[in-house]
DNA sequence: GCGACAG
DNA sequence: ATCTTGTCGC
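Here it is, written out as structure tokens:
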């Protein structure tokens, strides 16, 4: 449970962090390490995973699993207080330092302009992109059948795209990347859920299942 | 007041 | 996210 006062505190912190987010050019280069992050839950236990792949390769070169007792409930807009500790734990166990983080959740496509992806990027000082399956705030202006622009409070913060199976995904700027970076990532993973995130998702699902 | 609401 | 069987659709 999170008290009303604590929620206000976390919202204030989030607003401050938002002002620290940098939108900057990020060039994808051969050999770069792309890391997918995801988490799953089993009762009061949270499990997270970080899966690292070299750009254009499909076998992980490093991966980690992290488990920790959950202390907070999920509150829309405050996902980070529940999930950031888990993701940081998984990142901390990696044997390598990723060049780019792909995180399940939003970046700037957030009411306070600082979703989980932005916060993880800021705290680790690693460029990041948020990729969510549902929109939390803002609107999508579809340019064509498969690509659209995500706008929040008049700002172009990300790209919405439709998977080959018809599922809409919402990718937004986390930290130290631009819309162009997101465009390249979407193309790189062929308009599907990015492989690193897919593998991280499978890893946590598997880990959750084993401990039951 | 009503509805919406990342994972 | 998670609880869950059969079932609608490609």
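Residue numbers (the working numbering): 12 to 223.
From the three backbone atoms N, C-alpha and C, an ideal C-beta is built for every residue, glycine too.
The Cβ atoms of residue 140 and residue 182 lie closer than 8 angstroms to each other. For the pair residue 81 and residue 55, the Cα-to-Cα distance works out to about 5 angstroms.
Distances from the alpha-carbon of residue 209 to those of 117, 142, 165 and 103 put 142 closest. Within a 10 Å sphere around the beta-carbon of residue 25 sit 16 or more other beta-carbons, which makes this residue buried. Counted as a single uninterrupted DSSP element, the beta strand (DSSP E) harbouring residue 78 occupies residues 73-80.
For residue 184, the enclosing beta strand (DSSP E) begins and ends at 179-186. Ranking 107, 138, 58 and 207 by CA distance to the CA of residue 93 puts 58 first. In the structure shown, residue 50 falls within a strand segment according to DSSP collapsed to helix, strand and coil. Here residue 139 carries a strand assignment [DSSP, helix/strand/coil]. Within a 10 Å sphere around the beta-carbon of residue 12 sit fewer than 16 other beta-carbons, which makes this residue exposed.
When C-beta atoms of the region 94-105 are compared with those of the region 174-190, fewer than three pairs fall below 8 angstroms, so the two segments do not count as touching.
When the alpha-carbon of residue 174 is set against those of 77, 158, 148 and 136, the nearest one is in 158. Within the region 147-174, the beta strand (DSSP E) runs of at least 3 residues that lie entirely inside it are, in chain order, 150-153, 158-163 and 166-173.
Setting aside the 5 residues that flank it on each side, residue 84 is surrounded in the same chain by 12, 13 and 93, each with a C-beta closer than 8 angstroms to its C-beta; the list follows chain order. Shown here, residue 63 sits in a strand according to DSSP, grouped into three states. Between the beta-carbon of residue 147 and that of residue 131 there is about 16 angstroms, and that puts the pair past the 8 angstroms contact cut. Annotated three-state conformation of residue 132 is helix, per DSSP. Sequence-distant Cβ neighbours of residue 79 in its own chain, meaning closer than 7 angstroms and more than five residues away, are 57, 96, 97 and 100.
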